[in-house]
Structure formats: structure tokens, C-alpha cells
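Under my numbering, residue 192 is the last one in the sequence shown; the count climbs by one each step, no gaps.
Ideal placement from N, C-alpha and C gives every residue a C-beta, glycine not left out.
Predicted, not measured: the structure shown is a model, and the values here were computed from it.
Written out below as C-alpha cells is the structure these notes cover.
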Amino acid sequence: MILFLRIIFWTSISWIVLCLFVLTIGQYMPFQFSNESSAETFYALVWLIFPVAVLLTLLKKVISPENRTSKALIIFLAIVSFLFLSVYVFGRTMCGYITDDILFVNKSDTSLKVIKRHYDCGAYDSDLPKYEFYKMKSLTKQILYSKKVDTTKLDKNKWIRKETE
Numbered sequence: 028m029i030l031f032l033r034i035i036f037w038t039s040i041s042w043i044v045l046c047l048f049v050l051t052i053g054q055y056m057p058f059q060f061s062n063e064s065s066a067e068t069f070y071a072l073v074w075l076i077f078p079v080a081v082l083l084t085l086l087k088k089v090i091s092p093e094n095r096t097s098k099a100l101i102i103f104l105a106i107v108s109f110l111f112l113s114v115y116v117f118g119r120t121m122c123g124y125i126t127d128d129i130l131f132v133n134k135s136d137t138s139l140k141v142i143k144r145h146y147d148c149g150a151y152d153s154d155l156p157k158y159e160f161y162k163m164k165s166l167t168k169q170i171l172y173s174k175k176v177d178t179t180k181l182d183k184n185k186w187i188r189k190e191t192e
């Protein structure tokens, strides 16, 4: 039983560290999902796993016959983390990047593209779009690497201009 609780504890700690990394430092890394449904699925899993992991790290305390105050505090902490992540997911799903156009495709690597995109918050955003230009590279079917690019400094011999539709 003690070995089982240790495995649960360290697995839960690993999940918490992974979730916190993804929700903080991971947001500033140049990687993104290739489509919105993959991102939604991933963040929904993070949203569900994090509070469960918090609760499981404290499983030994919850099942031990100690005072009820610590048990209530542990369950309260799991509920608060769930609510915090609910607000985070709600805010994250309201806004997002919209790809407006693919401007250039690399001649030697067709998975490398230069796109024009803007950040949009739907009905909550009444500003005109602020366009940004990014070089996008497919790393896997689901993951893209993105880097801001100045289109005036592109080597025109290495890129094919894609005609707008």
C-alpha cells in the first residue's frame, strides 16, 4: 500500500509540474498546435488532470484518520485549482490567432510557410486587426514551430509567393 501511494504521489507531482510548465513557460515557447481542436483537447485534459493530481498528491492525508479540517482543506484546494483552471480555459478559448493568408512557401521545404495572422477576441474585440507575419514549420502533424519574420528581409530566391484566393 505504501509503495502504491508513493507511485501515485510522484506521478501526481509530475503531472502538476507538467501542467504548471505548460500553463506558464510553455505559453511563451514558439510551439503551437496545428489546429484548434487539438489545442482544445490538450487544454481540456490539463484542465481535468491538474485538480485530480492535486487531490492525489494529498491522498495519503485524505485516507488517513486525521482531523477533518485538513481533509476539508485538501478538498477545498482541489476545488479551487479546478475553478482557477476553469477561468483560465474560459479566457483561453475566447481569443486566439487567426491565420489570414499564406504569403510564401519555401521552395526546398513545402512545410515551411510565411503566414499573415492576427489575434482576435471575437465580439469582445472591436479594434482593427494588428497583422503579424510568422514563419511556420510543421514539426509533426499536430505541432508547429512559429517565429516572427520580417517579410522584407526574405531571400526571394528561396521562397515562392503564394497567390491569394
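Query, Result
"Nearest to aspartate 127 (by Cα), restricted to the options His145, Phe117 and Lys134", "His145"
"C-beta contact flag for cysteine 46 and valine 73 at 8 Å", "yes"
"Sequence ranges, alpha helix (DSSP H) only - wholly within the region 90-169, length at least 4", "95-121"
"Lysine 143 vs phenylalanine 117 beta-carbon contact at 8 Å", "no"
"Beta-carbon spacing of leucine 155, phenylalanine 58 below 8 Å", "no"
"The region 60-77 touching the region 105-112, judged by at least three CB pairs closer than 8 Å", "yes"
"Given serine 41 as reference, the closest of Ile102, Leu83 and Met163 once Cα atoms are compared", "Leu83"
"Host beta strand (DSSP E) of isoleucine 187 (start-end)", "186-188"
"Spatial distance of leucine 139 from lysine 162 (CA atoms)", "7 Å"
"Phenylalanine 48, buried or exposed, once every other Cβ within 10 Å from all chains shown has been counted against 16", "exposed"
"Continuous alpha helix (DSSP H) stretch holding threonine 68: start and end", "63-84"
"Own chain residues within Cβ distance below 6 Å of valine 132, not counting five before or after", "Lys140, Ile187 and Lys189"
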